[in-house]
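Written below as structure tokens is the structure these notes are about.
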Amino acid sequence: MQEADENNKSNMENWLNKLNTLTTQDELIITCKDIYQNFNAQNYHSNEYNALNHGLLQHFGRALDLLTIKILSKAQAKISITNIDVLLSIQAKLDSYEKVIMLYGFFNSCKQLDKNVGRAEMFALCFSLLIESAKKSKEEENEYLFLLSVENLISYFKFYGAENESIECLAGVWEMIDLHMETAIQGVRDRLLSLFAKLVKNDTFATRVLLPSLLRRPWNDKNKFYLLAELIDEQNYSTLMGLNDPNLRDENFFNGICLSLKYRHLFSPSQAIVKILLKQEVPKMRTVIAEMFVNGSFLDKKYMIEHWSAMWNVRDKEAIFSHICSILDVEKLIQDAKLEHEAFVNLVLMRSLFSKQILQFDQNSIVDSLIQDKWANLAGSRFVEAHVYEIIVENIVADRNSLEFLKNFISVRYEVQDSAFRQNLVKKLPQMLLHLMKIGIDKSDVRQFLLFLQDEIFLPGIQSQIYQAQIFAIKLLQTFCVLFFDGKCDNPKKSNDLQFGQLLIKENLWNVIHDETYHIHLVTLACNSHFDDVRALTYDILTKYMTVKYTYNEDVYQSEYPQYHTKLLIHISDKEKNFDLLIDHFKTALKVTENSLQQMKNDPLNAVKNEINLYKPLDCLNAFLNLDANLQLEMFESDGELIEVVKCVSDVIIDLINSKEQGLDFSKLDENLEALVAQSNVKSTNIDKDKKLLLHSFWHTLRACSEVAANYGIYVIKNRDQYAKPMKRLLFCSDIIINILVFCCHKGSIESASNAIGRLFNYFTKNWIKQLQSYAEEEIESISNAYMNKILRPLDKIQTLDIRCNRGLILLHMQVLKNDMTIGRTMRQQCLKIFIERLTNLSESDEPKPMVPFLISLFLHDLSKYFNDTELTDDVIPFLEQIILISFSYIRSCYWNIKNASLTLFGSLIPKIMKQKPKLDNSSDEWQHFVSIHLEELVTNMPKVNCHILSELQTNLPTSSIVLYLEFLSNIEVKDPNDSRILDITYTYRARFWKLLGNKSDKVRRLAALCFTQFHHYHDEIPRAVIAYIPYIFQSSCSENFKHGLILAINYLMKKLHNYYQFIDWPEKDAFNKKLKTTFINSYKHDDSSISYYTRCYLLKLLLFLGFQVEDRIIRWVLYERPARNYFGYHEWNNLVTEILENEKSILDMEKDVSMDEISISFSEAL
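So for the sequence shown, the numbering used here puts the first residue at 772; every next one is plus one.
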């Protein structure tokens, strides 16, 4: 890598020297083009470069941008480029990539421009390149070019300003911003918001075009919040109020902002606009917050506090609290809090948010005393508990009784599940003690309190088996250690901690650090605690803050985690520069491993029962692979001695639990364990217990083998220059782990092996392959192919055609896909290509017949596991369409394992393609479904998927396949119904959904109704469509199933429309509602058939949702409709009618009681 950088630097210097000799404009143009070619300008639009370019200036990109600046600055000096015309003449001979880069360099090199020269031409150039780069970003996955084009427009407005730009020009830019705000490209939204911030500086455009457009958008659109925040920040809310826009009225605007607390995806966007309104000190914003605190639901308060309260300054809090007091009797609230839980919760939240104001209001500390009295009996959400604990910890009353209360509080609560509370308590404790000492608490009392912590909290904690007790004790010790040692140095940023640390030293108030008795307990904890973080933190404290006197002996292998003995010994030896004991320890551990292996071969059960476990010495040896730079493994071992022993151990254990002749199988594993117990010289009294004992020892041994092999491989990569054949050693280490994954089906063993191969592959690609990518392509190909063959070769070793028994293979492939760190993720792409190619061609393979379905399901599970555990990245997106099509193609397979695998893959893909469901509540009166992607994106980015689904929906599919496609399509919405690219496709989809509304499956009808709704655009189409669809409900020629599906669709359409216009002014609303009701009444009169009771339920609910009253004629008609042809749905209908008419008897005079069997009659039988 260093050699490549030197070459690039040398070449750049040569080009810069050449620039000094330029004399003509043509020479400048030729030189520029040569530079772009020689410096790999194609990296700007290649997949290999995409992984690095999100910061805009990296790798060759940075070199080119800096070079462009130097080109222009040199050219200006030499050729006298003094105006825009010369730049325009240069760019005319460049391609689009070069134009964008040249412009970027030009704007970055300029300090000022003449606003009267070349303005129109420069805007035309910047805007045309923005449109062109947006198109190329979709065609060639080149987001970097688009980002640079956005940057160029930002720079244009920076120099020229937007104030005098024409409305037509700004409208074009606004259209591009609006079109790309939903893009998944990293960094685009932030830069588009910066560009939008330039547009809103034009007052006319902001108030006449942007503001009305944004205010008419639904309040569940997150971009509305981001964009409005920028606009209000520039134009000021009080100024905008003077425009008299009905959507800026308080009941619309602020209710819309508060609606954001109902949706997860709006939490962060709403912060932007709330922050601006509070910054401008808008009184209504403060009033709304106060009213929500008093009258809102608990969830409203919770989310408001979590997401808005951090933006409140002192003035905001005073104004909000003042308004709360004007609408709420605080004194009555305090009295009610003594008896009512809800009042107590409100008091706690108020005390936490408005601590200064409450203390001024409550000078006798009644509130704090009440909270302290009730804390022990508190039963509620952790959110409230956290506030209670914070109040108690921060507001201990300043007297001797406070220490007693604090003792009681810690004794009861230091084992609570809430880790945040424990951390807060440990963090605040020194500050509280210092505060109490400052206001008069005697030092002897503080000493007694510290002794209490030492003897009753810390010592029992480190001896406890409970995680919460252990971690609290160690965190407490860490806090005092930091204070003790940091107190010796000047640290003005932590003045309170500094004072308390000095106090600890001066008064000798904390002697745990110097007490050897505690050291022994800590060493025991570090080597025997069952909790990883406790062991790691204890070891950190021992090595960082304490002088540990440690003597090594062979009894260390009796502890649970002897590797920490080794780590302590390594630390001490390194500190004292005496490695003799360390060398003896290494050789002893290696010898113990070899001896234990022999005993394990002879009689595994006898060995395990005598505490001979291979994983303990292996864990000790593993510690030698994490040495500091001044310690080398060669000090301890001869050539490859350690890894050879590890290979022998793993082979022996694998042979013990899995006979390679028998094949991989859970039942064989159990049989082998039972045989080992039976063959042992130790008579078993409990076979099941002994089998578990063996299995525990075996899987921990395999886990240790995986970790040692991975760390040894990483060591080889770090020191590869010292080895003649480093790749051979690396592949040998990989072989150990891969064999465990292939020949073992125990979950713990293969998961630990999977993590190990993942770490090794990550380090290999990051610290070997990646460094070669800039200058050694042939070497890369040789090394990567060797490793990839090693990864895929286990397919030839498959013994059992059971996907559960071969889970290790899935994890192996997943780790390769997940941990590729090369530039452009080339090895991941290579692996994906192999999987896709095999899945595409496997049905025509010459493999034995039983192997084909197994391999197909294996590769499907590989992809499923990968997509389930990771996020979509730029390098994977080009393969997405192929993978979706593969998933679709195998869903109708006759093999259940293939069908199951394809469904699993599809289920893993959907959450990655679609977005998280944003709704928080379950109100049935609101539109619950939100768009994830638009139909335009599907048609543009995945045209083959779109064509496949359309053709499939036209065939006679089984219900399961229909449901699958509809589930996918239900997350897609039409954004612009007038877009010519999708007009015909939209109508085709609607026709398919219309037909499916009459499907015999209830689930299909519901999904078809949902999809049908998603393919109608809000105010542009829904009102007209609903009026047109209503008459079909009452036509006798329509089937009962179709009527039910259509009623569902109209219901969804109306809820979607209602959701769109929530807190938005809609002048045509009254006229539409009147026409809607008239259409229903006129259509119902012409009904010649009787609708079933099941469908009547949905019809009645729809009519009530639309605003019809019980006394309206159409409701009475539905209620008194003549009896249906059968009793299907009658009970549900009867219950609904009874509920509507309150306690009236059923209006339908039925002559017999309806049985459940009759209710379950299908629609087809009913008709």
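Glycine included, every Cβ here is placed at the ideal spot set by N, Cα and C. Since this is a predicted model, take the numbers as computed values, not measurements.
Proximal residues to residue i (C-beta, below 7 angstroms), its chain only, five neighbours per side dropped
{"i": "V871", "result": "L900, S904, L916, L919, S920, N923"}
{"i": "S1080", "result": "L1124"}
{"i": "D1087", "result": "L1049, R1057"}
{"i": "L1819", "result": "R1776, R1777, A1780, Y1869"}
Neighbourhood of residue i by C-beta distance below 6 angstroms, restricted to the same chain and skipping five residues each side
{"i": "Y1789", "result": "Y1831"}
{"i": "H1292", "result": "I1233"}
{"i": "R1193", "result": "F1243"}
{"i": "E1478", "result": "N1393, A1527"}
Under the three-state DSSP convention, the category residue i falls into
{"i": "Y1310", "result": "helix"}
{"i": "E1792", "result": "helix"}
{"i": "H1517", "result": "coil"}
{"i": "H1301", "result": "coil"}
{"i": "H1705", "result": "strand"}
{"i": "K1264", "result": "Residue placement at K1264 is flagged as unreliable, the pLDDT there being 45, under the threshold of 50; the coordinate-derived value follows with that caveat. Note: K1264 maps to helix in three-state DSSP."}
{"i": "Y1666", "result": "coil"}
{"i": "Y1034", "result": "strand"}
{"i": "I1835", "result": "coil"}
{"i": "Y1661", "result": "helix"}
{"i": "H1963", "result": "In the structure as shown, the chain begins at 772 and stops at 1938. Residue 1963 is therefore absent and cannot be evaluated."}
{"i": "A1481", "result": "helix"}
{"i": "M1498", "result": "helix"}
{"i": "E1020", "result": "Just to set this straight, residue 1020 is Arg in the shown sequence, not Glu. Here R1020 sits in coil by DSSP."}
{"i": "H768", "result": "This structure cannot settle anything about residue 768, because the visible part of the chain is limited to 772 through 1938."}
{"i": "K1636", "result": "helix"}
{"i": "E903", "result": "helix"}
Buried or exposed by the 16-neighbour rule on C-beta atoms within 10 Å, applied to residue i
{"i": "E1113", "result": "exposed"}
{"i": "K1518", "result": "exposed"}
{"i": "V1085", "result": "exposed"}
{"i": "C1718", "result": "exposed"}
{"i": "Q1051", "result": "exposed"}
{"i": "Q1586", "result": "buried"}
{"i": "I1341", "result": "buried"}
{"i": "C1516", "result": "buried"}
{"i": "Y1864", "result": "buried"}
{"i": "S1935", "result": "Note that S1935 scores a pLDDT of 34, beneath 50, so its modelled location is shaky and nothing firm can be said."}
Inter-residue Cα distance where the pair is residue i and residue j
{"i": "Q1370", "j": "Y1736", "result": "59 angstroms"}
{"i": "I1720", "j": "N1727", "result": "13 angstroms"}
{"i": "V1101", "j": "I1228", "result": "39 angstroms"}
{"i": "R1896", "j": "L1099", "result": "59 angstroms"}
{"i": "F1625", "j": "Y1800", "result": "49 angstroms"}
{"i": "M1498", "j": "I1540", "result": "12 angstroms"}
{"i": "I1129", "j": "E1001", "result": "35 angstroms"}
{"i": "S1126", "j": "F1064", "result": "15 angstroms"}
{"i": "I1343", "j": "L1440", "result": "43 angstroms"}
{"i": "L1473", "j": "Y1386", "result": "8 angstroms"}
{"i": "K1380", "j": "Y1328", "result": "14 angstroms"}
{"i": "D1591", "j": "R1530", "result": "10 angstroms"}
{"i": "A933", "j": "M947", "result": "16 angstroms"}
{"i": "D1640", "j": "C1504", "result": "26 angstroms"}
Contacting residues, own chain, Cβ-Cβ under 8 angstroms from residue i (five flanking each side not counted)
{"i": "R1752", "result": "E1707, V1710, T1711"}
{"i": "S964", "result": "Before going on, a small fix: residue 964 reads as Leu here, not Ser. Once the five neighbours on either side are set aside, the close Cβ partners of L964 are Y997, L998, E1001."}
{"i": "Y1185", "result": "R1193, L1196, I1228, G1232, Q1239, A1240, F1243"}
{"i": "M1012", "result": "L1019"}
Within-9 angstroms CB hit, residue i to chain D
{"i": "M1598", "result": "Although the question refers to chain D, the structure presented lacks it and comprises just one protein chain."}
Heavy atom of the ligand COA within 8 angstroms of residue i beta-carbon
{"i": "A942", "result": "Looking for the ligand COA in the displayed structure turns up nothing, as the structure carries no ligands at all."}
Please go through the stretch 1699-1770 and give each complete alpha helix (DSSP H) segment of 4 or more residues, from N-terminal end onward. 1706-1712, 1714-1724, 1730-1740, 1754-1767
Can you list the beta strand (DSSP E) stretches of 3 or more residues lying completely in the stretch 936-979, in chain order? Fully contained in the stretch 936-979 is no beta strand (DSSP E) run of length 3 or more.
At what residue ranges does the stretch 1212-1255 contain a whole run of the alpha helix (DSSP H), taking only runs of 4 or more? 1214-1223, 1230-1234
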